[in-house]
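Chains as they are written, first to last, in full-length UniProt numbering: chain W, 1 to 263; chain U, 1 to 165. For every residue, glycine included, the Cβ atom is placed at its ideal position computed from N, Cα and C. Here is the structure we will look at, set down as structure tokens.
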Amino acid sequence: MNRDIYRAAIDNVQFSQDLSTKVLNYLMSQPQKRAMTIKAKPTIATLAVVTCVLFLVFCIPLFSKGNSDFELKNSRGNVRVKYVDNVPDSALRSLSDLAWLTEEELFHKRNTSIFKGTVEEIRNIRIDFNGSTEYRAIAKIKIDKVYRGDESAGQVVSVLLPCPVGTGLWIEDTDVISAMRVGMTGIFMPIKYDDTSYWEQNDTKLFLSDIAEYGFLDGMRYAFLASDDKGVIFDRYSYPSIAAANSLDEIEQYVVQMLNINR
Amino acid sequence: MNQPRGLNEFVRCAVEKYSKTVAKTAFAYLKNTADAEDVTQEVFLTLMQKAPAFESEEHLKAWLIRVTINKSRDFLKSGWLKSRTPLYEELLYLPSEQNDLLAAVLSLDVKYRLPIHLYYYEGYSIKEIAEILGERTTTIGTRLARGRKILKDILKDKIGGFEDE
């Protein structure tokens with residue numbers, strides 16, 4: 001029934017009376033201007049700029065071939081990983097797979113480590129899979145308290161984030177991780193990488209443990225971040241039973257409760 | 001009369017058949033009709049200039065919708081929004097039931113309202129929506145479920161949102 005109401009509403013939205021004529025008239029007014037732009041001869045300055053850009057695009061990767069900030073001892077193929085300061089606008093994809101999971105499943109379907117800690121460092125990285133590039137980040141988190149896992153308080157772990165951080169770009173399905181900043185305390189639920197944790201792309205195979213010890217399964221549901229102005233940042237829709245939580249203490253109580261359920 | 005370069009019969013037919021589809025998709029993204037019509041013009045201009053080859057009508061329609069979404073996103077980023085009319089004024093002429101539901105859908109984050117629009121208005125499957133938006137099927141399924149839930153919360157005292165289908 002409500003599908004019909006929505007359809008009727010959209011059908012009743014009032015556009016210009018003869019929209020198709022308006023569009024056709026617009027198209028007919030455009031080609032002359034566009035044709036002139038295409039046919040305009042490039043100036044010497046334009047050619048110089050284009051030449052420089054082409055040089056930068058094609059030649060710099062050649063000079064930096066083989067230059068990687070990580071040893072990648074287990075990975076295969078022409079793959080390189082470097083720390084970067086700048087992330088281009090093209091880094092807008094997230095590889096997260098937001099399959100619907102209940103709160104129980106979020107805690108128990110995968111054997112994540114769960115700990116409270118403080119973010120000590122975040123650095124963006126560029127992964128070059130034989131010419132195909134992806135951007136992510138690596139966070140160093142100092143563990144204060146362990147709820148599940150073999151970690152210990154005081155340990156500093158490296159965690160691969162599913163998106164670059166602090167760039168001002170919004171990447172879909174990474175709202176929580178994108179908010180992470182150095183100095184934040186939070187409760188984190190990453191998966192520890194092993195030899196089944198790899199990323200294959202463009203005829204290369206990157207073993208994730210070559211660049212970080214842990215990683216988040218997605219950018220939304222596996223971190224709870226304490227924020228001065230927002231209370232706690234987390235995916236409230238995935239955790240409806242604590243959707244109103246405003247402190248990390250409330251989250252901690254919830255985490256302990258969820259872990260005790262299956263004992 | 002010389003026909004302007006590129007405005008051939010194919011483009012003319014596409015405009016007549018799909019201009020409303022494109023405008024409605026742009027409206028779902030931009031939430032106002034004036035900007036939606038501007039984007040519609042740009043979408044068909046791209047069709048005329050690029051002249052891609054299509055395997056079928058469905059392929060053409062999916063391509064138009066994908067370009068519409070990209071152009072709408074660029075339009076928002078450019079800040080070149082024409083209309084400053086509040087949304088509720090734009091929809092005042094609708095019957096209240098339609099107004100309530102449409103306003104609720106348009107209040108959703110675009111990542112929820114686009115799948116809802118493509119699913120409930122255009123009748124695309126989750127798999128087809130995932131292909132159009134360049135997302136995983138599971139992601140679109142989750143977003144549809146979340147969008148429905150948010151709508152249910154918004155509209156609980158009114159018309160109840162969308163049923164799970």
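One or two residues paired with residue i in a DSSP bridge
i: V39 (chain U); result: Partner(s): none; V39 (chain U) has no beta bridge.
i: S158 (chain W); result: W:K140
i: G231 (chain W); result: W:S227
i: E121 (chain W); result: W:K140
i: V84 (chain W); result: W:N124
i: T112 (chain W); result: In the DSSP output, where bridge partners are listed per residue, T112 (chain W) has none listed.
i: K145 (chain W); result: W:K116
CB of residue i within 9 Å of CB of residue j, strictly
i: I127 (chain W); j: T133 (chain W); result: yes
i: Q14 (chain W); j: T33 (chain U); result: yes
i: L30 (chain U); j: A36 (chain U); result: yes
i: Y193 (chain W); j: F216 (chain W); result: no
i: V81 (chain W); j: L72 (chain W); result: yes
i: E118 (chain U); j: I150 (chain U); result: The residue you asked about is not Glu; residue 118 (chain U) is Leu in the sequence shown. Result no, Cβ atoms of L118 (chain U) and I150 (chain U) do not sit closer than 9 Å.
i: M184 (chain W); j: L225 (chain W); result: yes
i: S20 (chain W); j: S19 (chain U); result: yes
i: I187 (chain W); j: L248 (chain W); result: yes
i: E103 (chain W); j: M258 (chain W); result: yes
i: T40 (chain U); j: V11 (chain U); result: no
i: N74 (chain W); j: F129 (chain W); result: no
i: V87 (chain W); j: P164 (chain W); result: yes
i: I191 (chain W); j: R110 (chain W); result: yes
i: K145 (chain W); j: F115 (chain W); result: yes
When the options are compared against residue i, the one with the closest alpha-carbon
i: L47 (chain U); options: U:D74, U:A34, U:N32 and U:E9; result: U:E9
i: L133 (chain U); options: U:W63, U:L92, U:L101 and U:F44; result: U:W63
i: Y214 (chain W); options: W:L259, W:I141, W:D235 and W:I242; result: W:I141
i: V15 (chain U); options: U:G147, U:A28 and U:L60; result: U:L60
i: G147 (chain U); options: U:E55, U:S19, U:P115 and U:V22; result: U:P115
i: L160 (chain W); options: W:R136, W:V182, W:S113 and W:S152; result: W:R136
i: R123 (chain W); options: W:F129, W:W100 and W:R181; result: W:R181
i: N25 (chain W); options: U:V110, U:A28 and U:E42; result: U:E42
i: T25 (chain U); options: U:I154, U:D100, U:L92 and U:I129; result: U:I129
i: V67 (chain U); options: U:S78, U:S56 and U:P52; result: U:P52
i: N70 (chain U); options: U:G141, U:K152 and U:V110; result: U:V110
i: D153 (chain U); options: U:G123, U:A104 and U:D74; result: U:A104
i: I5 (chain W); options: U:L76, U:D38, U:A28 and U:S96; result: U:S96
Three-state class that DSSP yields for residue i in the structure shown
i: D249 (chain W); result: helix
i: D134 (chain W); result: At residue 134 (chain W) the sequence reads Glu, which differs from the Asp that was named. Three-state DSSP puts E134 (chain W) in a strand.
i: N8 (chain U); result: coil
i: R136 (chain U); result: coil
i: R126 (chain W); result: strand
i: F44 (chain U); result: helix
i: L106 (chain W); result: helix
i: T68 (chain U); result: helix
i: V79 (chain W); result: strand
i: R263 (chain W); result: With a pLDDT of only 45 at R263 (chain W), under the threshold of 50, the placement of this residue in the model should not be trusted, and no figure is reported.
i: E186 (chain W); result: A quick correction: the sequence has Gly, not Glu, at residue 186 (chain W). Three-state result, G186 (chain W): strand.
i: I154 (chain U); result: helix
i: S78 (chain U); result: helix
i: K127 (chain U); result: helix
i: R7 (chain W); result: helix
i: P240 (chain W); result: helix
i: L92 (chain U); result: coil
i: P115 (chain U); result: helix
i: K65 (chain W); result: With a pLDDT of 44 at K65 (chain W), under the threshold of 50, the predicted position of this residue should be treated as unreliable, though the coordinate-derived value follows. Residue state, collapsed to three classes: coil.
i: L106 (chain U); result: helix
query = Whole alpha helix (DSSP H) runs in the stretch 192–227 of chain W with 4 or more residues, listed along the chain?
reply = Runs of the alpha helix (DSSP H) inside the stretch 192–227 of chain W: none found.
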